[in-house]
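Novice: The numbering of the sequence shown is the numbering used here, which starts it at 24 and goes up by one.
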Amino acid sequence: MSDLQGSFPRKGRFGDYGGQYIPETLMNEIINLEKAYNHYKDDPEFNAELTDLLNNYAGRPSLLYYAEKMSADLGGAKIYLKREDLNHTGSHKINNVLGQVLLAKKMGKTRIIAETGAGQHGVAAATAAALLGLECEIFMGKEDTERQALNVYRMELLGAKVNAVISGTQTLKDAVNETMREWVGRVSDTHYVLGSVMGPHPFPTIVRDFQSVISREAREQILKREGKLPAAVIACVGGGSNAIGMFYHFIPDKTVKLIGCEAAGLGVDTEKHAATIAKGSVGIFHGMKSYFCQNDEGQIAPVYSISAGLDYPGIGPEHASLHDTGRAQYVPVSDEEAVSAFEYLARSEGIICAIESAHAVAHARILAPKIGNDENIIICLSGRGDKDVAAIARYRGSNINE
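1) Considering only C-alpha positions, which residue in the set ILE323, SER264, GLY337 is nearest to THR299?
2) Count the CB pairs spanning the region 100–112 and the region 397–407 that are closer than 8 Å, and state whether there are at least three.
3) Between SER330 and LYS92, is the Cβ-Cβ spacing less than 9 Å?
4) Please state whether DSSP places MET221 in a helix, a strand or coil.
5) In whole angstroms, give me the CA-to-CA distance for TRP206 and GLU158.
6) Enumerate in chain order the residues of its own chain whose CB-to-CB distance from TYR426 is below 6 Å, with the five nearest sequence positions on each side excluded.
7) In three-state DSSP terms, what is MET130?
8) Go through the region 339–407 residue by residue and report every complete run of the alpha helix (DSSP H) that reaches 4 residues or more, in order.
9) Taking all protein chains shown into account, decide if GLY395 is buried (16 or more other Cβ within 10 angstroms of its Cβ) or exposed.
10) Note down the Cα distance separating GLU52 from ASN61, rounded to an integer number of angstroms.
11) So, with DSSP's three-state summary, where would you put GLU160?
12) Is the separation between the beta-carbon of ASP411 and that of ILE374 shorter than 9 Å?
13) First and last residue of the alpha helix (DSSP H) that includes LEU73?
14) Work out the CA separation of LEU56 and MET24 for me, nearest whole Å.
15) In angstroms, rounded to a whole number, what distance separates the CA positions of ASN318 and TYR215?
16) Which word fits ASN118, buried or exposed, when buried means at least 16 other C-beta atoms lie within 10 angstroms of its C-beta?
17) Is the beta carbon of LYS196 less than 9 Å from the beta carbon of VAL326?
18) Cα separation between HIS382 and PRO46?
19) In the DSSP assignment, find the unbroken alpha helix (DSSP H) run with SER51 in it and report its ends.
20) Could you spell out the range, first to last residue, of the beta strand (DSSP E) harbouring LEU87?
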């Protein structure tokens, strides 16, 4: 079954969350986008074209790898890794981007714009634009352009123009602001390839559908390997695109725990974190109602994480609803725990994962020993870690050339 055959939630809402809090100048374009997606998601030709791109260009299906040494070392549940890091461009981001850029082309757009934090979404967007022949412009916080310089160069190699955003904290939040501002001024030929399950309806549903290929494959693969469902699936959470992709096809399976790992930075008892569920409150920002890190006056608070990809003050509305209903659990993971897990996975399994994904690995190190060895868990490795090696070295007190 196609992952694109679900229907939109009523009025673009997941429980109390989601919606369309946008300027009037964007409303017609949002309506056009919803109509186009409703048409193409059921179009056999569109689905065949997208499936061909995913399988023969991006490299799907991604592997479900049994981490035997890690399982033996930790004791308890068998640990499987869903290897999104092996996709073309090195992360889960390519799943959504191929879908959205193909949709944009079908809509007659000739230009795409995108925001990026760690750079993986920007690289994927630039890649898809080059492949499908669209102009591409990326907006990235200036601080992120410096800590992810390698990805900036990759985007430029792929033909994209990269704009360093110097407002605010010069991170992902500010990149989203600037990209939305750019879109408002030029909707006629431009599609905003939003990178996570956030923003105004219909983006949270569109991105979720394109990313749900992760859980569809993982569910089929674990049933084939183990003959039963996992005890838990675990993924890192910023905006939440890889996590909702990893959760989606397991949501009806009530015995499967869904666990999202958010960035605790220097600790949730400090002001240097991005733990939206643990410390945030309900608000409206970037076109949606959800949980956000806010100050006492209700303004969006500065957030921090060693991971540029998790350095965002909010979480997608579907995650907010899953949290409220208790269907998913969200746990904070500190920088130190994530870096330790990054090093542990490299040494135990020979896999250098993205620092974002290391947040999920860190929680699995705690959870697996508490579960019987007749059970299994799946961790989503959302991306590869070559972009993070220099930052990890600096964190440990070494300077290396990138």
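For each residue, glycine too, the CB sits at the ideal point set by N, CA and C.
Treat the numbers as computed from the prediction; the structure is a model and nothing was measured.
Specialist: Result, derived from the coordinates:
1) Walking along the sequence shown from the start, residue 299 turns up at place 276. Ranking ILE323, SER264, GLY337 by Cα distance to THR299 puts GLY337 first.
2) yes
3) Position 307 of the sequence shown, counting from 1, holds the residue named residue 330. Position 69 of the sequence shown, counting from 1, holds the residue named residue 92. In this structure, LYS92 does not lie closer than 9 Å to SER330 by Cβ.
4) Translated into positions along the sequence shown, residue 221 becomes position 198. The answer is coil: DSSP assigns MET221 none of H, G, I, E or B.
5) Residue numbering aside, residue 206 sits at position 183 when the sequence shown is read from its first letter. Residue numbering aside, residue 158 sits at position 135 when the sequence shown is read from its first letter. Linking TRP206 to GLU158 through their CA atoms gives a straight-line distance of about 14 Å.
6) Since the first residue of the chain shown is 24 and the last is 425, residue 426 is not available in this structure.
7) Residue 130 sits at position 107 when you count from the first residue of the sequence shown. Here MET130 sits in coil by DSSP.
8) 340–348, 358–372, 378–390
9) Locating residue 395 in the sequence shown gives position 372, where the first residue counts as 1. Exposed, because fewer than 16 other Cβ atoms sit within 10 Å of the Cβ of GLY395.
10) The count along the sequence shown starts at 1 and reaches residue 52 at position 29. The count along the sequence shown starts at 1 and reaches residue 61 at position 38. Using only the alpha carbons, I get a separation of about 14 Å.
11) By one-based count along the sequence shown, residue 160 stands at place 137. In the three-state DSSP reduction, GLU160 falls in the strand class (E or B).
12) The residue you call residue 411 lines up with position 388 of the sequence shown. The residue you call residue 374 lines up with position 351 of the sequence shown. The answer is no: Cβ separation not under 9 Å.
13) In the sequence shown, the residue the question calls residue 73 occupies position 50. DSSP places LEU73 inside the alpha helix (DSSP H), whose first and last residues are 67–76.
14) One-based indexing of the sequence shown puts residue 24 at position 1. One-based indexing of the sequence shown puts residue 56 at position 33. Annotation note: pLDDT 39 at MET24 (below 50); position unreliable, no value reported.
15) The residue you call residue 318 lines up with position 295 of the sequence shown. The residue you call residue 215 lines up with position 192 of the sequence shown. In a straight line, the C-alpha of ASN318 is about 29 Å away from that of TYR215.
16) Along the sequence shown, one-based indexing puts residue 118 at 95. So ASN118 counts as buried.
17) The residue you call residue 196 lines up with position 173 of the sequence shown. The residue you call residue 326 lines up with position 303 of the sequence shown. Contact flag set, yes.
18) Working through the sequence shown from its first residue, we reach residue 382 at position 359. Working through the sequence shown from its first residue, we reach residue 46 at position 23. When rounded, the distance between both Cα atoms is 35 Å.
19) Sequence index remark: in the sequence shown, residue 51 carries index 28 (1-based). The residue asked about is misnamed: residue 51 is Asn in this sequence, not Ser. Counting along the chain, the alpha helix (DSSP H) containing ASN51 begins and ends at 47–63.
20) The count along the sequence shown starts at 1 and reaches residue 87 at position 64. LEU87: member of the beta strand (DSSP E) spanning 87–89, first to last residue.
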